[in-house]
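These notes concern the structure reproduced below.
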Amino acid sequence: MPGINLTQQTLKFPLNWHGRLIVDVKQANGIERLLHQTLHGCGLRNFQVSAGSTSAKGTYRTFLLTSDIPDIMTFRAITKALSTLPGVKILL
């Protein structure tokens with residue numbers, strides 16, 4: 004199983020990934036559809052996308068992402084694709 008070292012931790016693939024996306028609430032309309040399209044476009048078939056909480060000031064909305072990621076190339080493609088979506092501020 005190949006892995007990648009990120010700050011003293013090693014990711015081992017396949018990876019059960021749980022991500023959190025912080026999106027500008029003004030651009031959050033339709034983002035769930037875009038998230039589904041993006042993950043599907045990266046080759047994932049079994050994933051979950053759910054809306055999380057909104058920030059106290061109502062500026063940002065969280066979306067929770069869960070999927071099994073088969074390899075590092077897919078992981079990199081997903082993170083790159085998600086970071087380019089409109090309104091995305093942070094991907095955790």
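Just so you know, we're using this note's numbering here: the sequence shown kicks off at 4 and counts up by one. Even glycine gets a Cβ: it sits at the ideal position worked out from N, Cα and C.
{"Asked": "For V91, I'd like the list of residues in its chain whose CB is within less than 7 Å of its CB, leaving aside the five on either flank, ordered along the chain.", "Found": "L24, V26 and L85"}
{"Asked": "Would you please state the rounded distance, in angstroms, between the beta carbons of F50 and L42? I believe it to be under 8 Å.", "Found": "5 Å"}
{"Asked": "Spatial neighbours of E35 within its chain, please: CB distance less than 8 Å, with the 5 preceding and 5 following residues excluded, ordered by chain position.", "Found": "V52, A54 and F66"}
{"Asked": "Helix, strand or coil for T87, going by three-state DSSP, please let me know.", "Found": "coil"}
{"Asked": "Write down the C-beta distance between P17 and P73 rounded to the nearest angstrom, noting that I regard them as a contact closer than 8 Å.", "Found": "5 Å"}
{"Asked": "Helix or strand or just coil, what does DSSP make of K15?", "Found": "strand"}
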